[in-house]
Structure formats: C-alpha cells, structure tokens
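The number in the working numbering is simply the position in the first sequence, starting from 1, with 25 added.
All C-beta atoms, glycine included, are put in the ideal place defined by N, C-alpha and C.
None of these values were measured; they are calculated from a predicted model.
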Amino acid sequence: MRKLPGGIRHLPDYFDRAEQQALVDAIRLVVAEAPLFVPRMPKTGKPMSVRMTNCGPLGWVTDKERGYRYQPHHPETGNPWPAIPERLLALWRDVAEYEKPPQACLVNFYTDAAKMGLHQDKDEQEFQAPVVSVSLGDTCLFRVGGQERSDPTMSFKLNSGDVVVLGGQGRLAYHGVDRIYPATSTLLKNGGRINLTLRRVTP
DNA sequence: AAGTCGCG
DNA sequence: CCGG
Numbered sequence: 026m027r028k029l030p031g032g033i034r035h036l037p038d039y040f041d042r043a044e045q046q047a048l049v050d051a052i053r054l055v056v057a058e059a060p061l062f063v064p065r066m067p068k069t070g071k072p073m074s075v076r077m078t079n080c081g082p083l084g085w086v087t088d089k090e091r092g093y094r095y096q097p098h099h100p101e102t103g104n105p106w107p108a109i110p111e112r113l114l115a116l117w118r119d120v121a122e123y124e125k126p127p128q129a130c131l132v133n134f135y136t137d138a139a140k141m142g143l144h145q146d147k148d149e150q151e152f153q154a155p156v157v158s159v160s161l162g163d164t165c166l167f168r169v170g171g172q173e174r175s176d177p178t179m180s181f182k183l184n185s186g187d188v189v190v191l192g193g194q195g196r197l198a199y200h201g202v203d204r205i206y207p208a209t210s211t212l213l214k215n216g217g218r219i220n221l222t223l224r225r226v227t228p
C-alpha cells in the first residue's frame with residue numbers, strides 16, 4: 026500500500042453527496058459575486074490552465090506585473106472577496122488543529138485539459154497552520170513530494186468529496202495536479218473539477 | 001515557474 | 001508517443 030509523505034493526510038469521502046452539492050451551490054454564489062479570472066505567471070504573463078477566484082478576507086492572486094500575493098480585493102472588480110461558506114469553516118475546525126480561522130479560500134476550476142505543476146504553497150506568513158484542500162467533481166491525479174523539488178514524489182487519485190491536509194512536515198511539500206479524468210463525476214453539470222484550498226495567511 | 005520541455 |  027502507498028505510504029504518504031509525513032504530514033500529508035488524505036481523508037477519502039469526507040463529504041457525502043448532499044454536502045458536496047451544498048458546497049457547489051455555495052461556490053456558485055461566490056463565483057457570481059467574484060467572477061473567475063485567469064491567473065498569470067509572474068514576469069512572463071503566461072496564463073495558467075485553471076481559472077480561479079477566492080472567498081475570505083484575503084485571496085491569492087497572481088499577474089505578470091506583481092506576481093504571487095494575497096490581497097483583500099478581487100483583481101478585476103476591486104470588490105472585497107465574499108465570505109467563506111460556513112461548512113468550510115467547520116471543516117477547518119474539524120481537521121486543522123489551529124486556533125484561528127482560515128483567511129483565504131482559493132477556488133480553482135479545472136477543465137479536462139487543466140493541470141497544476143509541482144509547487145509549494147509558500148506565499149503565507151504562517152506555516153504552523155495547515156493547508157486544507159477539498160475536491161469536487163471529476164477525479165484528478167494528485168502528486169505530492171517533499172520539501173525539496175528534487176525529493177521523490179508519489180501520486181494518487183482524489184475523488185469528489187475527498188479532503189487533503191498538508192500540515193506539520195507536509196505543510197511545505199511540493200504538490201500538483203497531473204491530470205483530470207473527464208466525466209468521472211456527475212456532481213458538476215458542465216463537468217470539470219473544483220478545488221477549494223483553505224489557508225491561514227498571517228499568524 | 002502554480003509552466004514548459006526533455007528524457008526514458 | 002506518453003507518463004512520471
């Protein structure tokens with residue numbers, strides 16, 4: 026059996042179907058208020074293959090000029106991000122083992138061809154808090170390694186309703202999404218995958 | 001490089 | 001050519 030690197034927890038089927046549907050409904054409201062945008066790589070301006078938005082007091086954004094960062098407003102509308110849905114705050118209280126609530130919930134939309142290269146979540150000031158991730162919709166192949174890019178990696182599938190926690194030694198683990206398996210879920214009427222990532226930005 | 005390409 |  027697969028052995029996950031230290032500090033990485035995979036909680037399969039954390040959310041049942043009804044809860045998944047309720048989360049999708051909540052995210053639709055978020056997207057209506059904070060439209061999806063195309064994130065761009067620092068300096069080159071190359072677009073990433075996912076579309077994204079955020080909820081919470083802070084949101085993760087990136088563009089050619091200013092690069093990766095957290096900010097309290099939507100990059101295109103200038104409006105503050107909508108609130109994080111209560112069910113996600115409850116998830117954090119359940120699994121994070123961290124006193125304060127998450128400040129950012131990044132919402133990533135993956136189409137069939139979308140990927141996410143291996144990277145670390147290191148734009149936060151607080152690494153004591155874990156990163157908590159929720160998968161909704163189509164199954165993906167998730168890849169995780171260690172704290173150095175050259176560390177060995179392993180991969181496993183994430184299904185709709187699964188939760189992954191990157192905490193402790195796993196907090197700065199390299200991770201990414203190698204591929205989406207199209208039409209493996211009926212949760213999203215237009216297909217694809219939604220990933221929700223909860224993070225604490227400041228201590 | 002949260003991408004892309006090269007290698008096996 | 002495709003996947004790790």
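Figure out for me which residue from the options has the closest Cα to the Cα of residue i.
i: P30; options: P207, Q150 and E173; result: E173
i: A139; options: L36, V120, G216 and L48; result: G216
i: F134; options: K89, M73 and F40; result: M73
i: L212; options: I52, I109 and V189; result: I52
i: G84; options: R34, E149, L166 and E124; result: E149
i: V49; options: K68, A154 and V132; result: V132
i: V55; options: V63, L36, C80 and A154; result: C80
i: P67; options: V75, P97, A198 and V86; result: V86
i: S210; options: Q46, G162 and M141; result: G162
i: M141; options: P37, K28, F40 and R65; result: R65
Could you compute how far the alpha carbon of residue i sits from the alpha carbon of residue j?
i: L114; j: P126; result: 7 Å
i: E151; j: I205; result: 30 Å
i: L61; j: D176; result: 33 Å
i: R42; j: A57; result: 23 Å
i: G92; j: L221; result: 21 Å
i: T78; j: A59; result: 6 Å
i: P207; j: Q45; result: 18 Å
i: V75; j: C130; result: 15 Å
i: A108; j: K71; result: 29 Å
i: E111; j: F40; result: 14 Å
i: T102; j: V63; result: 14 Å
i: K182; j: A47; result: 23 Å
Over the uninterrupted beta strand (DSSP E) stretch that includes residue i, give me the two end residues.
i: L54; result: Taken as a continuous stretch (DSSP letters only), L54 belongs to no beta strand (DSSP E), being part of the alpha helix (DSSP H) at R42 to E58.
i: R65; result: R65 -> no beta strand (DSSP E), and no H or E assigned at all.
i: L131; result: A129 to Y135
i: V156; result: V156 to G162
i: W85; result: G84 to V86
i: M141; result: M141 to H144
i: R204; result: H200 to I205
i: S180; result: M179 to L183
i: Q96; result: R94 to Q96
Give the C-beta separation of residue i and residue j to the nearest angstrom, bearing in mind that I take them to be a contact with Cβ-Cβ under 8 Å.
i: P105; j: D88; result: P105 to D88, Cβ: 18 Å. No contact.
i: V159; j: V188; result: 6 Å
i: V226; j: Y95; result: 5 Å
i: G186; j: D38; result: 5 Å
i: G170; j: T178; result: 4 Å
Is it the case that the Cβ atoms of residue i and residue j are separated by a distance below 8 Å?
i: V157; j: D146; result: no
i: G201; j: R168; result: yes
i: R196; j: G32; result: yes
i: L166; j: D137; result: no
i: Y199; j: L143; result: yes
i: P82; j: Q153; result: no
Where do the N-terminal and C-terminal ends of the alpha helix (DSSP H) with residue i fall, by residue?
i: L114; result: E111 to V120
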